[in-house]
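Taking it in order: structure first as structure tokens, then the write-up.
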Amino acid sequence: MVYGNFGGNALNGSAELRVSILAFAAPRLPLRSSIGFGNLSSLWRSIPPMEVTQILLNAQSVDSTVRKHAEDSLKHFQEENISEFLLSLSNELSNNEKPVDSRKLAGLILKNALDAKEQHRKIELVQRWLSLDVVIKTQIRACLMQTLPSPVTDARSTASQVIAKIAGIELPQKQWPELIGSLLSNIHQLQPHVKQATIETLGYICEEVSPQVVDQDEVNKILTAVVQGMNASEGSMDVRLAATRALYNALGFAQANFSNDMERDYIMRVVCEATLSTEVKIRQAAFECLVAISSTYYDKLASYMQDIFNITAKAVREDDEPVALQAIEFWSSICDEEIDILDGYGGDYTADSDIPCYYFVKQALPALVPMLLETLLKQEEDQDLDEGSWNLAMAGGTCLGLVARTVGDDIVPLVMPFIEEHVTKPDWRQREAATYAFGSILEGPSPEKLIPLVNVALNFMLTAMMKDPNNHVKDTTAWTLGRMFEFLHGSTVQTRVITHGNCQQILIVLLQSMKDVPNVAEKACGALYFLAQGYEDVTSVSPLSPFFQDIVHALLNVTHREDAGESRLRTAAYETLNEVVRTSRDETAPVVMQLVPVIMMELHQTLEAQKLSSDEREKQNELQGLLCGCLQVIIQKLGASETTNHVLMQYADQIMELFLRVFACRNATVHEEAMLAIGALAYAVGENFIKYMQNFYPYLEMGLQNFQEYQVCAVTVGVVGDLCGALEDKLLVYCDGIMTLLLKDLSSNQLHRSSAAELSAHAVATDDEMLEYTNELRNGILEAFSGILQGFKSCPKTQLLMPYAPHILQFLDRLYNEKDMDEVVMKTAVGVLGDLADTLGAHAGTLINQSATSKEFLGECLLSDDQFIRESADWAKCGPTSADSSGELKFIFLENLEGALHRMSAKTEITLDPDVLHMQSSNL
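As structure tokens, then:
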């Protein structure tokens, strides 16, 4: 069989391939225009084509008056006849005699009429398109297909994206079945621009639809077209680029092909050849394909790794930066895969484990590490000043850190000679590279391997922080100190790096470095953050306590620096202050108390500012959010102790007044932080918080209805829980309104999925991300059940729960039958069973006895390999035992346990031991 023909047929010139496709050949159009177009009007039917063109051109005018008039015209027409409007846009796009700018905008509006970022809006647009008359849709499709051969690049690219959007809607509905066949017929066109546009369209389609939507025969043909377009024999570089980019998106379609040795070999050969193209963009796109292959088909790479290493090493050392960055990213991706595999087994990985780990990184280590170390010397002068900066040195250091996490101790002897050679050199690049290398390997190797090295390096780095003349070196040194404190300092590390002897010196250096240039000061704040965090579990006096006031004073000074807005310095200072307060001990409580009026005054001053510019308003909102966050931590700290809570209560009225004033500022971030702080205040104040409810309730309502800023809505839902715990029955007067809003949230299709909990127990999870989300929702629902049951436990009105108990058990039954619960959900679910039995007493026995599924579930939990699940099942078992003195539930659980053991023995082909049953029954 000749390579190049995929799908089982011999290659005979027009090969068919089952590979995959990407979709970013031309610059992607933004999802939304800055112009306010929505459902544009169909009064367009009465507008001559030339006037349509002019309106579209005027909508892009630099003259604000002209632009506004055009936008108003578009808005005026937006709702009357969407069918004619969309048809007019497609006609404009397909007409080669029209101006390029009007055609581009017509395509953009058409594309935005089919898709949106917000899920609820996307659903609305999909339904609207599907409801259009078939004749209109056919005409629009025809216009789009006619645009693909256009000599105008922008028109072709726009049409490609719109076709893909329609395909994403219609192909799952078994509509437009001739689309892919029509596109494939263009592949044999002699004009390269038609071939390029067609491959680009196929790539976009692969981006929009699931592989399951396309028949395998059509998948084969798509992949054939794409891979052949990548081939070196293709004369047009534009076609090769489009095909290479298309392959990236199509890799998800190539499962069958990568399982076939010959087809996989051909795909890999074409991709590797593309990495050697004379065109930079093609080489970059080819390496992007390799990165995607490394994560999607890791288990198929063994026979190609030597060649890939040679290709990536050459690119890293010799190629243009965009290409070299992707070559490094390949190894970072391999590290990610191997870390995930090994972490998934929790140290119990063996050669017989279900998911194989081929240890590619460990095998490449002797050559890979020197290659990465070379990149560390390729810094840019201003890389520490640009937050979005990304270059070879940064990519190499990041990859080196992932390698350290992957191989552990093995990396240390390969990196230390580089550090020792360069760390004292006069060239700042060498000193910085050595320091960066050391910081990069501090996560992964064992403390036993690293601590002797850290003990030697610590004093050297403290000196460099104070005396090195180069800010890049000081920046990286401060970052490395932070990494030392993050991974090698704390209660879990037996040998201490930070002692009473060096703690003071470390603090002196860090506090002094906070006066340095913003990027260095920001890293010093980060190091102090992890230093404080490491003392979180100290039971005696914290080593930081003698310096606590100096630390707080220094951090507050940082927040007041004129340049605190640079390099996230102000944010870092407040985050560090919060951590210092959070981990402080009782002996420093007086200083924390002194902070309350200070932070309150600063928040008050931000609320008094008047007539601010938009830029000043943005900075003010950021500061208000930081101050609210700081107050939240202080409230939590002081409210947790009876000795300090009374001091906090003296300020409670003023604090609440400030928070209410903050809500008058229309800013989502500030509202989120203020809402969190109010939740902390409610917890601290307790039932006396009721006096604030009348003024606070309107803002609570506002937060629960804030679907646009879903984070605010989610936080507000959490605050409702805080209020319930604080106010108990005093909240009853507000409960009707709160419950109405919560139910509205649950039923809304506008609410972001992180805030919503409407997913049913039998939701079908189509991918790993959806399964994770589904289990998060299930866990939230179960925790809500548990809270309700526990709330009724000591209440004389538990009979009110009886009508709802069967529904709770039905919910648990459906969860169990779906067989896709994760361990967290399983633990919470078995806890709900215990809460149900504990709260309802003898009534629970009858209900659970009627639910065979619940009995099976509990029995399997008792035999789980997970200790926490077993403990939860034991607790659930004890709950019913104490609730039902008749022993009915004991019998139910014992009967169920025996059944579970029999099922497990059937699966594992083992013989049941009667002693095991006796032991479990005696425990019950």
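Read in order, the letters of the sequence shown are residues 0 to 923 in my numbering. Even glycine gets a Cβ: it sits at the ideal position worked out from N, Cα and C.
Check, Outcome
"Collapsed DSSP secondary structure at A663 in the structure displayed", "coil"
"With 16 other Cβ atoms within 10 Å as the buried cut-off, status of V455", "exposed"
"Close-in-space but distant-in-sequence residues of the same chain around F890 (CB under 6 angstroms, 5 per side omitted)", "Residue confidence for F890 is low, a pLDDT of 42 falling below 50, so the modelled location carries little weight and cannot support an answer."
"Between the CA atoms of E317 and I497 - distance to the nearest angstrom", "43 angstroms"
"Beta-carbon contacts of T852 that lie in its chain and below 7 angstroms, excluding the five residues immediately before and after", "D812, Y815, N816"
"Per-residue burial, K610 [other beta carbons within 10 Å of its own, 16 or more giving buried]", "exposed"
"Under the three-state DSSP convention, the category Q211 falls into", "helix"
"Distance between L88 and F437 (C-alpha atoms, nearest Å)", "58 angstroms"
"Backbone CA spacing between L86 and G525 [nearest angstrom]", "56 angstroms"
"8 angstroms contact criterion, which T146 and A163 should meet: CB distance rounded", "With a Cβ gap of about 13 angstroms, T146 and A163 do not count as contacting."
"Test item: CB-CB of T434 and V422 under 8 angstroms", "yes"
"Buried/exposed call for M674, threshold 16 Cβ in 10 Å", "buried"
"Separation of P805 from S884, as counted between CA atoms", "Per-residue confidence for S884 stands at a pLDDT of 35, beneath the threshold of 50, marking its modelled position as unreliable; the derived number appears in the next sentence. Cα-Cα distance, rounded: 22 angstroms."
"Per-residue burial, V360 [other beta carbons within 10 Å of its own, 16 or more giving buried]", "buried"
"Local conformation of V61 per DSSP, three classes", "coil"
"Inter-residue spacing [alpha-carbon to alpha-carbon] between D339 and C398", "15 angstroms"
"Delimiting residues of the alpha helix (DSSP H) encompassing Y803", "Per DSSP, Y803 belongs to no alpha helix (DSSP H) and is neither H nor E."
"Beta-carbon gap between A112 and L124 smaller than 8 angstroms", "yes"
"Inside the region 415 to 442 only - alpha helix (DSSP H) runs reaching at least 4 residues", "427 to 439"
"From N230, C205, V151, residue whose alpha carbon lies closest to that of A166", "C205"
"Cβ-Cβ separation, V632 to R581 (assumed contact under 8 angstroms), whole Å", "5 angstroms"
"Backbone secondary structure at Y296 - three-state DSSP", "coil"
"Contact between the region 256 to 268 and the region 208 to 216 (3+ Cβ pairs under 8 angstroms)", "no"
"Contact the region 309 to 329 vs the region 261 to 268: 3+ CB pairs below 8 angstroms", "no"
"8 angstroms contact criterion, which A242 and V218 should meet: CB distance rounded", "Not quite, the Cβ-Cβ distance comes to about 16 angstroms (not below 8 angstroms), so this is no contact."
"Under the three-state DSSP convention, the category Y265 falls into", "helix"
"Span of the alpha helix (DSSP H), counted from its first residue to its last, around V540", "Neither: V540 is in no alpha helix (DSSP H) and is coded neither H nor E."
"Residues of its chain near E485, where Cβ-Cβ distance is below 6 angstroms and the 5 sequence neighbours each way are ignored", "F529"
"Same chain only: Cβ atoms within 6 angstroms of L371, ignoring 5 sequence neighbours per side", "G395, C398, L399"
"For L131, the three-state DSSP class (helix, strand or coil)", "coil"
"Range of the contiguous alpha helix (DSSP H) that encloses V508", "499 to 512"
"Of the listed residues E272, A196, G790, V492, nearest to V238 (C-alpha basis)", "A196"
"Three-state class that DSSP yields for A154 in the structure shown", "helix"
"Per-residue DSSP class, three states only, for P936", "Examination of residue 936 is not possible in this model, given that the chain is present from 0 through 923 alone."
"For T558, the first and last residue of its enclosing alpha helix (DSSP H)", "547 to 558"
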